[in-house]
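Novice: If you're matching positions, the sequence shown starts at 11 in my numbering and goes up one per residue. Each residue gets a CB set at the ideal place from its N, CA and C atoms; glycine is no exception. Computed from a prediction, not measured in an experiment: that's the story for all the values here.
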Amino acid sequence: MTEVAFEKALKNLEAAVERLESGELPLEEALSCFEEGVRSAQLCRKSLQDVEARVELLLKEKDGSFTLTPMATDEG
Numbered sequence: 011m012t013e014v015a016f017e018k019a020l021k022n023l024e025a026a027v028e029r030l031e032s033g034e035l036p037l038e039e040a041l042s043c044f045e046e047g048v049r050s051a052q053l054c055r056k057s058l059q060d061v062e063a064r065v066e067l068l069l070k071e072k073d074g075s076f077t078l079t080p081m082a083t084d085e086g
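(1) Measure the Cβ-Cβ separation of residue 43 and residue 26 and say whether it is below 7 angstroms.
(2) Who are the near neighbours of residue 35 in its chain, counting only those whose CB is closer than 8 angstroms to its CB and skipping five residues on each side?
(3) Our contact map puts residue 22 next to residue 46 with C-beta atoms below 8 angstroms; I'd like the distance itself, whole angstroms only.
(4) In this structure, does DSSP put residue 72 in helix, strand or coil?
(5) Where residue 63 and residue 16 are concerned, what is the direct C-alpha to C-alpha distance, given to the nearest angstrom?
(6) Using DSSP with H/G/I as helix, E/B as strand and the rest coil, what is residue 78?
(7) Where residue 77 and residue 40 are concerned, what is the direct C-alpha to C-alpha distance, given to the nearest angstrom?
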């Protein structure tokens, strides 16, 4: 997912949350909005996971050299 696609999905998610929080949607429209929000949230989560997997930490060794190490995740 590109940064533009991530930003669009995030904006869609924020818009869905705002519409749902207004409390003014009929039931069917609220359900549709909720489903759209879930899809947008899933796209954002996938994008963030992809980026996280690409991030590496540059660690300085005792001898002054640097080593690239994959970023630790909460998943283990």
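Specialist: Answer, in terms of the structure:
(1) For the purposes of this step, residue 43 is identified with residue 33 of the sequence shown, where counting begins at 1. For the purposes of this step, residue 26 is identified with residue 16 of the sequence shown, where counting begins at 1. Against a cut-off of 7 angstroms, the Cβ pair of residue 26 and residue 43 comes out as a contact.
(2) Here residue 35 refers to the residue found at position 25 of the sequence shown. Cβ contact annotation for residue 35 (same chain, cutoff 8 angstroms, sequence separation greater than five): 29, 43, in chain order.
(3) The residue labelled residue 22 in the question sits at position 12 within the sequence shown. The residue labelled residue 46 in the question sits at position 36 within the sequence shown. That belief holds up - the Cβ atoms of residue 22 and residue 46 are roughly 7 angstroms apart, short of 8 angstroms.
(4) As a working note, residue 72 is residue 62 in the sequence shown. Note: residue 72 maps to coil in three-state DSSP.
(5) Residue mapping note: residue 63 aligns to position 53 of the sequence shown, counting from 1. Residue mapping note: residue 16 aligns to position 6 of the sequence shown, counting from 1. Straight across, the Cα-Cα distance linking residue 63 with residue 16 is about 16 angstroms.
(6) Sequence index remark: in the sequence shown, residue 78 carries index 68 (1-based). Of the three classes helix, strand and coil, the one that applies to residue 78 here is strand, per DSSP.
(7) To locate residue 77, count along the sequence shown from 1; it is residue 67. To locate residue 40, count along the sequence shown from 1; it is residue 30. Roughly 50 angstroms between the two C-alpha positions.
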